[in-house]
Amino acid sequence: MSRYLIRRLGQAALVVAGVVTLTFVIMRLVPGDPAVAYAGPRASPAELAAARQRFGLDDPLPVQLWNYVRDLVTGDWGVSLHTRRPVRDDLFLAFPASLELVAAALVIAVAAGIPLGVAAARHKGRLPDLSIRLSSMLAVSVPVFWMALALQTIFSSGLGWFPIAGEYDTGLDQTSPLRVYTNITAVDALFTGNWPILTSTLHHLVLPALVLAAYPTGVIAQMTRAALIEESARDHARMERALGFGETAVLTRFALRPALNPVLSLIALVFAYSIVNGFLVEAVFNWPGLGRYATDSIRTLDTPSIAGVTLLVAALYVLANLAVDLLQGVIDPRARAR
Amino acid sequence: MGNGTLIRIRGLVVRIGDRVIASVPELDVGSGECVAIVGESGSGKTTTLLAALGLVGDVSDLGVRGVDISGEITVCGVDVVAAGPGELRGIRGSRAALVMQSPQAALNPTMRLGTLMRRALARHGVKGAAARSRAEEAVKAVLLDPEIMRRYPHQVSGGQAQRFAIALALALGAEIVLADEPTSALDVTVQAEVVAVLRRLRDERGLAVLLVSHDLALVSTIADRVLVMRDGAVVESGPAAELFDRPRDAYTRELVAAVPALPSREEER
Amino acid sequence: MSVLSADAVTLAYGAAPVVHEVSLAVDEGGVGLIGESGSGKTTLARALLGLLRPRSGTIRYGSRDLAALDRSGRAEFRRAVQPVFQAEALDPRMTAAASIGEALTTHHRMSRAGRRARVAELLDGVGLDPALAARRPHQMSGGQRQRVAIARALAVEPRLLVLDEPTSALDVTVQARILDLLEGLAGGRGLGYLLITHNLGVVGRLCRTSHVLFAGRVVESGPTRDLLVHPAHPYTLALRDAVPRLGGEPPRASGRTEAAPAATGCPFRLRCPLAVDRCRDEAPEAREVTGRRVACHRAEDVLERALDASRWRGGTGHPAHHIQKGH
Amino acid sequence: GGGKIRGGADGSEGSTQPGTSQNAQNPSSAADATFVYVPNLDVVTDWDPASSYSNEILAMQNIYESLTRYNPQTKQAEPRLATSWTSSDDGKKWTFTLRQGATFHTGKPVDAAAAKAAIERTMKMGAGAAYIWDAVKKIEAKDSSTLKFTLKYPTALDLVASAGYASYVYDTTAAGSGDLKTWFGEGHDAGSGPYTIDTWEKGKETELTLKAFDDYWGGWDGPRYKKIAYRVTPELTTAWQLLRGGEVTFVARLNPQLFAEAGGTPTVQAAQTPSFQNLLTLFNTHSGPLKDVRLRQALQKAIDYDGVVAVLKGAGAPAAGLVPEGLLGHNAGQTPRQDLAGAEALLKEAGYGPGGKKLELTLTYAQGDSDQEVLVTLLSSTLDKLNVKLSAKPLQWTTQWDQAKAKDPAKRQDILVMYWWPDYADAFSWFVNIFRSEDPISFNLSYLRDDAIDKRINELPQLTATDRDAAEKAYAELQNKIINERAAVAVPYVMNYQRAFAKSVQGYVDNPAYPNVVFVHDLKPGA
Amino acid sequence: MTAPVVPDAAGAATPALRRTPLRWLVGVDRLAVAGAALLALIVLAALLAPWIAPHPEDGGSATHPLEALLPPSAEHWFGTDQVGRDVLSRVLYGARTSLLIAVAVLAISGGVGVVLGVVAGYAGGWVRDVIMRVTDVFLAFPALLLSLALAVVLQPSVTTVIVAIAVTWWPWYARLTASVAASVATRAFVDSARCLGVPAPLIVFRHVLPNSLTPVLVQLSLDGGGVILTAAALSYLGLGAHEPTSEWGLMVQQGQSLFTTNWWVVTFPGLAILITAFAFNVLGEGLRARLTR
Ligand SMILES: Nc1ncnc2c1ncn2[C@@H]1O[C@H](COP(=O)(O)OP(=O)(O)OP(=O)(O)O)[C@@H](O)[C@H]1O
Ligand SMILES: Nc1ncnc2c1ncn2[C@@H]1O[C@H](COP(=O)(O)OP(=O)(O)OP(=O)(O)O)[C@@H](O)[C@H]1O
Ligand SMILES: [Mg+2]
Ligand SMILES: [Mg+2]
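Residue numbers (my numbering), protein chains in the order written: chain A, 1186 to 1523; chain Z, 174 to 442; chain R, 77 to 403; chain B, 32 to 558; chain P, 4 to 296.
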């Protein structure tokens, strides 16, 4: 197990190194001189030269790459051209809110997707199955930005059930200021017992999280169903039936666990995907997450920030996969034996 | 139906669509008896066996629809064809148990053997200390170390897995084991051990066995009666000794003849 | 000189060797390789076919090292040695004609018509209707598939076949027919073959000499008949005794069959009823015992037991009659 | 322990504990006295008043003050920190008299020495818009309220001093012995305006809040907004829904449709004002097919000016010449019209047009700008009919600019679409930046090179400083030369600001010299 | 595709189902048929756009500034957009762009991925390691983000969208193919071909590739929807198609701030994306159910 873990970690490190290199290459390919962008439109040649110096643009490429890696490792993720602050600080501010949203969406997706998948598998070939399959395919097919607009217009503007936008009532900053530890508002509010902010945040979370949950719910339901059906067609399921267990018991008490393996890998993938997909949702609901930062960075060709966001998401992907691998070991003893 | 008759089949016909995949005019298994079904691949052996447990056409059969079963199947006094799912579940495991061909694949990979045993016992109303002692006893009866219950399927050998499946049947108090080629995935030496366990349980506890196999030689050593199937139909049936000594059907003859023989000292002389 | 031989070949997939220093040779006529599942039979076969490089030792084609063959030597070897596998030897997407055709055209140019004629000829040679040429594997029965695979192997006119459990997936009656076919071919063409199986009856019928593999080691080798009638290695003995015989006694269980091969000393000792302290301390070297090579410290005692047992057992071997040829 | 209070201005613990915070004395009225402004971009990138040159102007103009402020109605600068000023006849000496009783948020009084120090620091740093002071040779603090400037060349320094950027007067000693720039960067301010920074949290939805500076010289009599919050909302629709829902006070930017809806919503007022920002369609006069002036003129005639304005539905107003209304040099009556027949004739003359050679042109414009997109869409549709193929590429500004400045003229575009607006309220900005010969190219993206034009441009500052009528004439003449004779540019429209704000806001006037700025102290919160 | 020897059992319905009118919908391959039919309809609409669009010129560069933002009517079923174009016509023309993007991306990424994957799967060893690590890197890159970055580098256009998405998409196929091919490579018929002396490239493309293709085909059809959605998202972020190209994502982006005032501008292209992605998904699911048994 530990050998496996070490090898797995080594692989992850290799992937991260690759991502860093690729990011670096893309950064260098982006048109527009970052020095010019940084120094501003009316910069003198001397200022430009200083900026070039600052970004090390005059060094040979391998040296630049090496410096870049060294800086990354020492925690210097560069300075954003558009916010003019260290990218790492920017990310630390923006990312927790995104994480909050994505986590909420995934919780919804898992809580809804798995039972739906089970229900579909249980009624395979019958009406409930068909309707679950079709609706999960719809959920997977809906353009997220479009759905966000529609839900916002209907439920917030129209019916007034949910707030239109934002993370919590901004007035609460005055009446019950939040003590910040993790920067994840809901978590901080929960642990400091700040109920007004907590309830407000949860209320604000509902719509964006639902929108963002649509895709993962759909794929998780589909995958759960497929894996369960496959699993319930295996020999061991026949054995369980022959032991007197009913169909529902076979599915939920026996087949579900081995079937969860592919679902788990899927969740890791969907997690990374949802962070980026969330950018579009964040824009509509004005969620103060990574999305605005990323789109602003792209709009302004802010290469250090783009690279920062990319690296962060890639690192999360790698981490999520690592976590899933370990989790799979917990769920499936065969994986542990590897 | 005699008291000792555990399985009684009359005029069973299983169809998928318009195709008859198994048709068995008559089959009885009494307690303490070993009845074997032999025949070529696809001849309907497994189908017959599963039909007895009402398991043909269930979800496990890769998308099978339109399975049609007619005839009469009575297992441990329950009319399988007419029975509702609840009634069927009542006999499965606790009275008639299944042992399948692929040893490890028949056990849930994510579950310790002991967990499976515990759940199965709980399903049939045996819990707590009683369950534990029953499990231990059954496992010992098939010559396994009770320690095995802490293992996962991939941590046990094929023969152990098969014996554990038999132990499950014992613990649940099954009177008959329906075994679908229980040893064909095993090496001969291991096969001998599983067969020995089955024989011993039959002798000591009167456990009945309905055995599906394509190994004629194996069948000839343990079965009391044999059914030979081909293309979904029974071509010959009768007491084992008689059938092997004087096969009446051409196909049975061919089967018997095809058994490769080991050279022996007698020949050498 | 043997057509194909292995000399102290060790094979491995990962770190731990799967096959240890095995030596054997295949000439004209049949050689059997027997062993339980996982003992390394297929691995060895793959090495002999040049599909797997030995970790140490050499595999020779004639007198030449397989690893050192040049291009033309390799082509020659490819034509001379052909496999027949247990199952799926045919590409599921190709018709029988295409599969056999591939074998025909890989080494020679051939006209379309010539190829068609040769395919028909080959199919006929294995007792199949040439009309089968247009079928894909899933449209054929297992026996037909195996015959097509044999025809394909024969298409390059090899000197030697490596048969890895060629009949284990088949029904007994079909198996008998295929074995007949192979026997006929070997006799008729002077083909050599290495027959891998766990079915003792099959080697008994087709092979003059046999090797018994246990945990990647040849534990006993010699004339098949001797091996099966009075084994000198306890594993061979256990194997023989575990085989059910038609109408005979139930096979005897030896106990402890699930024990993994021992890492030190004699690998079989944990399952061996005759094991003594020496077996634990010292790995047995192969040695000559009454006309065969055995790797067992107590070969003589085993031999005695085997003779005893078979006398006592008095099994009835059915002679192989009633076997029809063809389809 | 640990953690940090969200809303703590300097991030230090406990500075805004509930109960001790400044708004706690009157929590019930706190809400209605807060002016919630909705910008669509992050507000602050640079807190240093010397170098600030970006969106933080929204806040800066409420925190800092300059010597003068521009009044678009009178087209003149009016008093702010300076109460009056004079200039010499040659326009090279300027004397400002400072207001008495103004103090910085640091407590220090605003006097001539402080103003001198601030402006000198800004000039010395030379960042952002500091170039506006380029003409200044020397600053002297004659006494505590008299500030005297000596210039290298004549300039309308009262206008310069009203600039939105780089004109601020601030306390250069605010950081004590520390580094001032760093101190600013931490979210401190040293202005003299009505508001001071309360909380600032980058990346949060409500990025910034300002609170009243009690000692503001303008005083706090009557109902006034005591707080300003900036709530960043990129999506127009979202912003509008927030406003309609009463959650915010002021939305800086709406689209015409939402603006129309705002006009019909009783709880909301809508205001539309022409800006100082116009769209320029710059033609490549130097290379490519458009070297031929006839083609450039044909393009000018091909633009569907009315169509564009119609589609913009109020977001853009017809332009008349290069200088928007409200600035000296505006030339009413020069409104261009589409003239397809004329365009066709000119194309024919040059050998193109229907039946002639196909003319292929490249155009670049700003990605994501729907107004520019409208112009481009309509233009390419019209040109299609004239047998002109326009390949239009939306690009990020830096990319577009890079390409336009390419050393190799062949790599440059034929048409470049961009906005222009002045850093201070002076039409000179268009001419000196865009149409005066340049080498290397910076903003002269029509690549116009004309000595006569250069000469006239160079005369403009002095004329503006000394003889406004002559300046007016010079501007008219120059625009005629650039637009009609040389056809270097077409001006399809001037942007209109379309704002919406709560009905309760009283006294709102848009000042296009300070784009998107709301001078909150001037407003009254109504019922 | 391969048909099992066993007559297909899926076609027959259980007694319970035989009676329900839902039966035709329920069978697994009916789903594939439904998806294919829906997709065919969309393809047809795309191909016939110049003939069936009520205002074909609006699909191209025409504009009618004075007819901007008319609500749906008999003349304009889907209303008109900001510059007065018929939304229905543009939606129909947009189908061309979206399908072109989908097909091109799937062809490129499928082609590259399958070839690399099959090579990796067959060769194993370090070749596989290298290829797989490279795919890992690309997989770790958030697809939308990498596309975004590339779209920035390459400047927005339909071609850019295709390249950018294809760059992020191929590793999926490479991975999938590699794992399938690795298992195919261990199958006896491959060994048997090697023993015949068939050269490695021929083995790969004659035997391994065809036998590894089924799951890839399923994945490809499932991904059609994803590509269309990603392309729409790229255009939505201003990095994809641009005026005057008719593209659904671009139309949604341009119309998004009109959602509350002129709903039709954004609703119809949004629905078009939804329906097309849905059709791909239904087809893929149907194929998966049918082929991966
Ligand atoms: N799920 C199924 N769908 C379609 N046909 C089936 C299915 N299961 C079994 N059959 C068919 O029913 C017939 C009998 O199958 P069965 O499994 O009972 O044979 P068997 O005698 O057990 O064969 P084997 O020795 O290969 O296990 C075969 O022709 C088989 O193809
Ligand atoms: N590709 C492989 N990679 C790693 N280990 C393998 C591989 N193939 C086989 N082995 C291992 O090598 C050992 C010998 O396998 P091999 O297939 O040669 O046995 P065999 O005698 O042919 O068995 P069987 O009778 O089951 O076919 C086994 O322990 C097996 O697990
Ligand atoms: Mg069977
Ligand atoms: Mg093998």
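We put the beta carbon where it would ideally sit given N, CA and C, even for glycine.
Here's the rule I'm using: 16 or more other beta-carbon atoms within 10 Å means buried, otherwise exposed. How should residue i be labelled?
i	result
residue 1368/A	buried
residue 1339/A	exposed
residue 297/R	buried
residue 345/P	Residue 345/P is absent from the model: chain P starts at 4 and stops at 296.
residue 196/B	buried
residue 153/B	buried
residue 193/B	buried
residue 332/B	buried
Just the Cα atoms here: how many angstroms apart are residue i and residue j?
i	j	result
residue 116/R	residue 291/R	7 Å
residue 411/B	residue 242/P	20 Å
residue 405/Z	residue 192/Z	9 Å
residue 198/R	residue 188/R	15 Å
residue 86/R	residue 240/R	19 Å
residue 547/B	residue 254/P	28 Å
residue 419/Z	residue 300/Z	51 Å
residue 223/Z	residue 410/Z	19 Å
Pull up the DSSP beta-bridge partners for residue i, would you.
i	result
residue 127/B	116/B, 178/B
residue 106/R	269/R
residue 565/B	Outside the modelled stretch of chain B, which goes from 32 to 558, sits residue 565/B, for which no answer is possible.
residue 451/B	309/B
residue 533/B	299/B
What whole-angstrom Cβ distance do residue i and residue j have, given they're in contact under 8 Å?
i	j	result
residue 328/B	residue 394/B	Residue 328/B to residue 394/B, Cβ: 17 Å. No contact.
residue 113/P	residue 219/P	7 Å
Against chain A, which members of the stretch 267–285 of chain P pass a CB distance test of less than 9 Å? Going along the stretch 267–285 of chain P in chain order, one finds 269, 270, 272, 273, 274, 276, 277, 278, 279, 280, 281, 282, 283, 284, 285 with a Cβ nearer than 9 Å to chain A.
Going along the stretch 245–276 of chain Z in order, which residues come within less than 9 Å of chain A, judged by CB to CB distance? Answer in chain order: 258, 259, 261, 262, 263, 264, 265, 266, 267, 269, 270, 271, 272, 273, 274, 275.
Taking any Cβ of chain P, which residues in the stretch 1321–1336 of chain A have a Cβ under 7 Å from it, in chain order? Flagged, chain order: 1322, 1323, 1325, 1326, 1327, 1328, 1330, 1331, 1334.
Note down, in chain order, all residues in the stretch 389–401 of chain B with a beta-carbon under 8 Å from any beta-carbon belonging to chain P. Within the stretch 389–401 of chain B, the residues whose Cβ lies closer than 8 Å to some Cβ of chain P are 398, 399, 401, listed in chain order.
Give, in chain order, every residue of the stretch 145–179 of chain R whose Cβ lies closer than 9 Å to some Cβ of chain P. When CB distances to chain P are screened at a threshold of 9 Å, the residues of the stretch 145–179 of chain R falling below it are 150, 151, 153, 154, 155, 157, 158, 159, 160, 161, 162, 163, 164, 165, 166, 167, 168, 169, 170, 175, 178, 179, in chain order.
Against chain P: residues of the stretch 1452–1464 of chain A by CB proximity under 8 Å: Those would be 1457, 1458, 1460, 1461, 1462, 1464, in chain order.
The stretch 295–320 of chain Z: positions lying closer than 7 Å to chain A by Cβ: The stretch 295–320 of chain Z vs chain A, Cβ under 7 Å: 296, 297.
Chain R contacts made by the stretch 348–361 of chain Z, where a contact means CB separation under 9 Å: In summary, the residues of the stretch 348–361 of chain Z whose CB is separated from some CB of chain R by less than 9 Å are 358, 359, 360, 361, in the order they occur in the chain.
Can you give me, in chain order, the residues of the stretch 172–205 of chain P that have a beta carbon less than 9 Å from any beta carbon in chain R? Sequence-ordered contacts of the stretch 172–205 of chain P with chain R read 190, 191, 192, 193, 194, 195, 196, 197, 198, 199, 200, 201, 202, 205 [C-beta pairs closer than 9 Å].
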